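Chains as they are written, first to last, in this note's numbering: chain A, 7 to 148; chain B, 42 to 120; chain C, 13 to 115; chain D, -17 to 477; chain E, 2 to 139.
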């Protein structure tokens, strides 16, 4: 992959893609979108980076160790948010009754744990897509 | 509106048949990607933008990339 | 022969399914059984219950959050499964040193 | 206070373990074994406490997020789900202790953490499938289960494994898409996903849209039939179960297939309801499939030479027995089916583990090479013999009891001709199990071999699980009331 | 005839979903190429998703996104959309795992046609038997 045009253009548009992905994740509870499409967009930006600059540069950007932590950590975050419900005497994954701050209707920080769970899902989906792609294109050592 | 719906559904079925009958796997995957996109448009028409967005990002985007990555590592022509 | 049998079976399946679909209310009709009190509850109470606007997002992250936990686990499973099929042994730093010491 | 949350804690323990294994226990096999063992024992103890609660007649219902059952997801833990999850976790504990030594024999070292991760995800999915009372949630757990059960076959990465696994994946996915289609049909007609709520509205749906219910039943029976390897749809099972690593075979044959049968029972009896099933008259066809499976599984097994392949085909026959009990749809039939679920899990587990021990020590898989193997490995061969006697149905072993109760249920249900089939199937079973036992123990030229009736050199983590299973097989054969008292409370939950 | 056409138009998505299901099943069963099989499975899955989303549609309704300050409105059924979001991700997981096995199978056998692989397996088996026979004779 040594196409100058592809590299320059990717370098320009990848930040925009990432900003859009983060926007979609953050506004999941207010507008269409959410963790799954947002995470997939974020993952796609890294996939584009890998395609333009080669597998090694992509692997350096998100090393295998980091993505391993992100994958487990995202679900553990999800479970931890759910366990708060048990902690305050309600059931697993309780939102309003567990005392999460509800905020103002229509704000980004509102709706209790929903934004946090959306972020956890977004991280999970993005890291999964990146790991899967890097594994799929992986060159054999022999 | 109903006629557009009908056209999209017919297009979907044609895409599905074509994806099955094409011998070149890369073409089949590209047809499948367009199938996913048309499906996303159909879901947009059915008033579920969340699903349409997810299908466009995951179904048409990521799945296609995975397919192409695998075809590049295996063989391209179906016998 | 086998092929013809398959086509006849699939055509039968198609006809049976289409017959059953024709009996249902038309697409978009409000009399549809699925458009019942549960979906009305979701639409009317989401803003009060959770202070969010996107009803679909609220369903997947709050009302049916366990499904989404399961789904994140499906992604984790797919990563573990793909790695278990494709990952190649990368040399371990500790073991290498051991071997060098032995050698 | 704490006991209300037991089900969700039991569900989360395998998940959290699966999540932390890749990050903390990647390079350290002692830590890995400690984490695996302690998680299993903790989960088993907790589920035993939950079962003791349900045995007193309590039924736990757990509403996730405090939403009412129609809106959110509901778990129900009654005697059935408590007992079956205990069975799953108990058997999995034994098999995982066995796996500590055996798996390093089958897999390269860097794959072992992935193997345990996949097994724990599988346990998570199985427990979820047993507990859940929501159709779509059932589907999600089922997908985790089918992915993991393919992955623990393909992890060995030989050509045969990959081929068996992709066959399993293709057929299994057709099955799960069929099930999802069935769920769509039911949702279309009822607008609910909660199993109890659908059951309440079922008479109205049956009056308004009978064709939807029928098509949904057809799709779901096909789908679960593929996944549970009910006879004509069993073609993936022999390859997958025979090529997998030994602990995977024991888990897949002993537990996973039954989870799909339980899900099928949930759909048949709790969603659609026994009245509609009787009205449609589908039970007779299910009885026919079950009977065909009982005969044909054994017939296929007779022609095989590979030991694990024989055991895999024998599973097809045994699923036929369980299916027969379910298809009779009478309290005694279900009772016999549940008893056979327990005894088959123990027997098939013991058979696969002892076969694995023989392969581990001698490397022999072909039955023709088994001359005098009982002189080299008397312990493994004894366990194998006990479990094989159970499969044949010799009195004193738990397999006999399940066949006995099944025969009584058959008589009660008014199909006396099936008795002949059960007898014939037992005869067929003995035709492929007895030659192995005879070859192993009665071998004229082996008397003078060096290790005459010595000890087989197995590590303790391998023979102790086998010994426990063999002991339980005999215990439940002599005192079936230990299980019958519990399974006797289950049929009224379904009928 | 005319009324049947109207009925068909009223249920076009349902019937289209049924057609796609059948086409996907046909692709999975008849093709021996593994990638084609996986495409077929994807088509089957999307057909069920189309059916679900069509169940949730109500004509003249808005997408289920509320607006601040507007008390009510006429929205489509949100539950099927939420279910399908889950379903799409599950489908991707299965697809990717199948593809990873395709890579490994290609490495092992040099082909991704199932019937060729089965032929190779058979040949290997007969060779092993022949070898065993030879050794037993010796």
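Every residue, glycine too, gets a C-beta built ideally from N, C-alpha and C. Owing to the predicted nature of the structure, the values given are computational and were not obtained by experimental measurement.
Query	Result
For the 8 Å Cβ check, are there 3 or more pairs between the region 147 to 156 of chain D and the region 180 to 187 of chain D?	no
Quick check: what's the CA-CA separation for residue 232 of chain D versus residue 69 of chain E?	56 Å
So what's residue 109 of chain D in DSSP terms, helix, strand or just coil?	helix
Assign residue 288 of chain D to one of three DSSP states: helix, strand, or coil.	strand
With residue 42 of chain D as the anchor, note down where its beta strand (DSSP E) starts and where it stops.	42 to 45
Helix, strand or coil, according to DSSP, for residue 22 of chain A in the structure here?	helix
Alpha helix (DSSP H) containing residue 58 of chain D: first to last residue?	Not the alpha helix (DSSP H): residue 58 of chain D falls in the beta strand (DSSP E), residues 56 to 59.
Output needed in chain order: residues of the region 95 to 109 of chain B with a Cβ under 7 Å from some Cβ in chain A.	95, 98, 99, 102, 103, 106, 107
Look at residue 408 of chain D and residue 318 of chain D and say whether their C-beta atoms are less than 8 Å apart.	no
Report all residues from its chain with a CB closer than 8 Å to the CB of residue 77 of chain B; omit the five preceding and five following residues, and keep chain order.	96, 97, 100, 101, 104, 105
Could you check what DSSP says for residue 59 of chain E in three-state terms: helix, strand or coil?	strand
Can you tell me whether DSSP reads residue 114 of chain D as helix, strand or coil?	strand
Please go through the same chain and pick out, in chain order, the residues whose beta-carbon is closer than 8 Å to the beta-carbon of residue 234 of chain D, but skip the five residues on each side of it.	131, 134, 135, 222, 223, 226
Mind the definition here: the region 66 to 83 of chain C touches the region 80 to 92 of chain E only if three or more C-beta pairs lie below 8 Å; say whether that holds.	yes
Who are residue 40 of chain C's beta bridge partners in DSSP?	E:59
Pull up the CB-CB distance for residue 379 of chain D and residue 336 of chain D, whole angstroms please, since I reckon it's below 8 Å.	That pair is no contact at about 15 Å.
In the structure shown, what three-state DSSP assignment does residue 118 of chain C receive?	Shown here, chain C extends from 13 to 115; a query on residue 118 of chain C therefore has no answer.
Leaving out the 5 sequence neighbours to the left and right, which residues in its chain are closer than 7 Å to residue 77 of chain E when beta-carbon positions are compared?	57, 58, 59, 62, 64, 65
For residue 294 of chain D, count the other beta carbons within 10 Å of its own beta carbon; 16 or more makes it buried, fewer makes it exposed. Which is it?	buried
Which of the three DSSP states is assigned to residue 114 of chain E in this structure?	strand
With 16 as the cutoff for other CB atoms within 10 Å, does residue 64 of chain B come out buried or exposed?	exposed
Going by C-alpha to C-alpha distance, which of B:91, B:116, B:112, B:83 sits closest to residue 45 of chain B?	B:83
On the DSSP bridge assignment, give the partners of residue 66 of chain E in chain order.	C:66
Taking only the alpha-carbon atoms, compute the straight-line gap between residue 53 of chain C and residue 118 of chain B and give it to the nearest angstrom.	52 Å
Is residue 9 of chain A helix, strand or coil by DSSP?	coil
Give a yes or no on contact between the region 44 to 51 of chain A and the region 130 to 147 of chain A, applying the rule of three or more CB pairs nearer than 8 Å.	yes
Extract the residue ranges of the alpha helix (DSSP H) inside the region 318 to 365 of chain D, only unbroken runs of 4 or more that lie entirely within it.	355 to 358
What residues from the region 15 to 49 of chain A come within 7 Å of chain E, judged by C-beta to C-beta, listed N to C?	37, 38, 42
Would residue 39 of chain D count as contacting chain C if we go by Cβ distances under 8 Å?	no
Who are the neighbours of residue 102 of chain E on chain C, taking C-beta pairs under 8 Å?	97
Does the Cβ of residue 399 of chain D have 16 or more other Cβ atoms within 10 Å, making it buried, or fewer, making it exposed?	exposed
Take the Cβ of residue 13 of chain D as the centre, count every other Cβ of all protein chains shown within 10 Å, and call the residue buried at 16 or more, exposed below.	exposed
Could you list the residues in the region 69 to 81 of chain B with a C-beta less than 8 Å from some C-beta on chain E, going in chain order?	69, 70, 73, 76, 77, 80
Quick one: what does DSSP say residue 461 of chain D is sitting in, helix, strand or coil?	coil
Give a yes or no on whether the minimum CB-CB distance between residue 8 of chain E and chain D is below 8 Å.	no
Could you list which residues in chain B have their beta carbon closer than 7 Å to that of residue 21 of chain E, in chain order?	53, 54, 57
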